[in-house]
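Some notes on the structure that comes next.
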Amino acid sequence: MNWFFKLSPCPICKTRASTQYGCCPSCQQSLFKPLRSTEVLALGPYDGKLELAIRHLKYHHITALARLFARELAKEITVQKWQADVVTAVPLHWQRYLKRGYNQSALVAKPLAKQLDLPYAQLLSRTEATRQQAKLSKLEREQNVATAFRAKVVTGKRILLLDDVFTTGATLRACQTSLLAAGAKEVRLVAIARAVQRFQ
Ligand SMILES: [Zn+2]
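In the numbering used here, the protein residues as written are 9 to 208.
Structure, rendered in structure tokens:
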């Protein structure tokens, strides 16, 4: 192990030393409880340590965590025997991208593509700045994102589409619809975590 990583504390438990994967071995072992629904593949419910780890990725740009998520997702996708031609990520609107400086879903999708020996491509763009989903009801979320994405032509492609958190699924489904309309043969949905609370 590189000595540098031994000096930084684990961002999740803040007690043990971090590794090159962005957290300590103990947190890493208890981080994932894969959820394998037919609708979406996720590494666990969006709570506890996994929620904390995703927040660190999102707001503190810990790319080592992105590589850890990518490695775990690649394992799960291999177990599921999912075949794909290309990996892509849900885009941020450019205004939010400028503010944050990176797209946390693309940070994971790129090393995921590498792990699976597939190309990564940004196939979707936002056509409008949607309101932030966090405070909206399920119906409002669906309406908020229904026409928010445009896809490149992807005729006959099998696509793995990644977002950081699957909440109601409105965003991922809107992206999936755009890709299918642009000619995709199949679009599999992948998320780091899936929200456990119920939305009305
Ligand atoms: Zn830890």
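The beta-carbon is built from N, C-alpha and C at its ideal position, and this holds for glycine as well.
(request) Mind listing, in chain order, the continuous beta strand (DSSP E) runs of no fewer than 3 residues lying wholly within the segment 121 to 208? (result) With a minimum length of 3 residues, the continuous beta strand (DSSP E) runs that stay inside the segment 121 to 208 are 132 to 134, 157 to 159, 166 to 174, 194 to 202.
(request) Rounded to whole angstroms, what's the CA-CA distance from residue 86 to residue 102? Just pull it up for me. (result) What you label residue 86 is simply residue 78 of the sequence shown in a count that begins at 1. What you label residue 102 is simply residue 94 of the sequence shown in a count that begins at 1. Looking at the two C-alpha atoms, the distance is approximately 33 Å.
(request) Can you give me the start and stop residues for the alpha helix (DSSP H) that residue 72 sits inside? (result) Mapped onto the sequence shown, residue 72 falls at position 64. Looking at the DSSP string, the run of the alpha helix (DSSP H) that includes residue 72 is 71 to 87.
(request) For residue 96, write down the residues that DSSP places opposite it in a beta bridge. (result) Here residue 96 refers to the residue found at position 88 of the sequence shown. Paired residues: 169.
(message) Please list the terminal residues of the continuous alpha helix (DSSP H) segment that includes residue 110.
(response) Taking the first residue of the sequence shown as position 1, residue 110 is located at position 102. Here residue 110 belongs to no alpha helix (DSSP H), and DSSP marks it neither H nor E.
(message) Quick check on DSSP: helix, strand or coil for residue 42?
(response) Numbered from its first residue, the sequence shown carries residue 42 at position 34. Looking at residue 42 - three-state DSSP - the assignment turns out to be coil, as it is neither helix nor strand.
(request) Output the distance between the C-alpha atoms of residue 176 and residue 157, rounded to the nearest integer angstrom. (result) For this step, residue 176 is matched to residue 168 along the sequence shown. For this step, residue 157 is matched to residue 149 along the sequence shown. Their Cα atoms are separated by approximately 17 Å.
(request) Could you name the residues of the same chain whose beta carbon sits closer than 8 Å to that of residue 207, not counting the 5 residues immediately before and after it, in chain order? (result) Position 199 of the sequence shown holds residue 207. Any reading at residue 207 must be qualified, since the residue scores a pLDDT of 49, below 50, and its modelled position is unreliable; the value itself is stated next. Correct list, in chain order: 145, 146, 149, 175, 176.
(request) Could you say which of 42, 98, 75 lies nearest to residue 88 if we only look at CA atoms? (result) Translated into positions along the sequence shown, residue 88 becomes position 80. That would be 42, whose Cα lies nearest to the Cα of residue 88.
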